[in-house]
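First the structure, in the form of structure tokens, and then the observations on it.
In this note's numbering, the protein residues as written are 3 to 140.
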């Protein structure tokens, strides 16, 4: 009887400790830590569409993280032409909680060519946020 009581008592203690630990640990919603938007002001390209050769294109992003301990550590822009492998056209190592960047170029390709631009933001936890815009030569 004494052994049974000790076993039940030990189990109750262990369950109590486990419940305390479980309820005191706050679960983070990591997907909401990072945000990135494409600038929509006049002169910025912010959605997919057709572009003529010789057109000046300007992309702009604004980004932030809500966690100072998990800052933004990298920003890259890559380009895939006609479904081929991505090529990094801009990359920057960072250590910030807010970031703003403009990327300018002149579109120069033949009609029908498809250029997919991927904007990637990475924080210290390794969370990656992506935005994409596809431009088709006209």
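Even for Gly, the Cβ is constructed at its ideal location relative to N, Cα and C.
- Would you mind stating whether residue 92 and residue 101 have Cβ atoms separated by less than 9 angstroms? In terms of Cβ geometry, residue 92 and residue 101 do not form a close pair [threshold 9 angstroms].
- Query: Does the beta-carbon of residue 65 have 16 or more other beta-carbons within 10 angstroms, so that it is buried, or is it exposed?
  - Reply: buried
- Item | Sheet register partners of residue 131 (DSSP bridge) | Beta-bridge pairing links residue 131 to 123.
- In this structure, does DSSP put residue 102 in helix, strand or coil? Under the three-state reduction of DSSP output, residue 102 falls in the strand class.
- Query: Looking at the structure shown, is residue 39 part of a helix, part of a strand, or coil, going by DSSP?
  - Reply: strand
- Query: Taking Cβ positions, are residue 122 and residue 54 nearer each other than 9 angstroms?
  - Reply: no
- Item | Contact between the stretch 122-140 and the stretch 68-75 (3+ Cβ pairs under 8 angstroms) | Yes, since at least three Cβ pairs between the stretch 122-140 and the stretch 68-75 fall closer than 8 angstroms, the two stretches touch.
- Give the range of the beta strand (DSSP E) segment to which residue 58 is assigned. 58-67
- With DSSP collapsed to three states, give me the class of residue 34. helix
- Message: With distance defined between alpha-carbon atoms, name the residue in 115, 60, 62 and 36 nearest to residue 85.
- Response: 115
- Message: Could you compute how far the alpha carbon of residue 46 sits from the alpha carbon of residue 58?
- Response: Their backbone Cα atoms lie some 10 angstroms apart in a straight line.
- Query: What are the start and end residues of the beta strand (DSSP E) that includes residue 112?
  - Reply: Unbroken run through residue 112: none, as it is neither H nor E.
- Is the CB-CB distance between residue 40 and residue 133 below 9 angstroms? yes
- Taking residue 90 as the reference, give the member of 118, 113, 111 and 38 with the closest Cα. Of all alpha-carbon atoms in 118, 113, 111 and 38, the one lying nearest the alpha-carbon of residue 90 is that of 118.
- Quick one, are the C-beta atoms of residue 50 and residue 138 less than 9 angstroms apart? Taking 9 angstroms as the Cβ cut-off, residue 50 and residue 138 qualify as a contacting pair.
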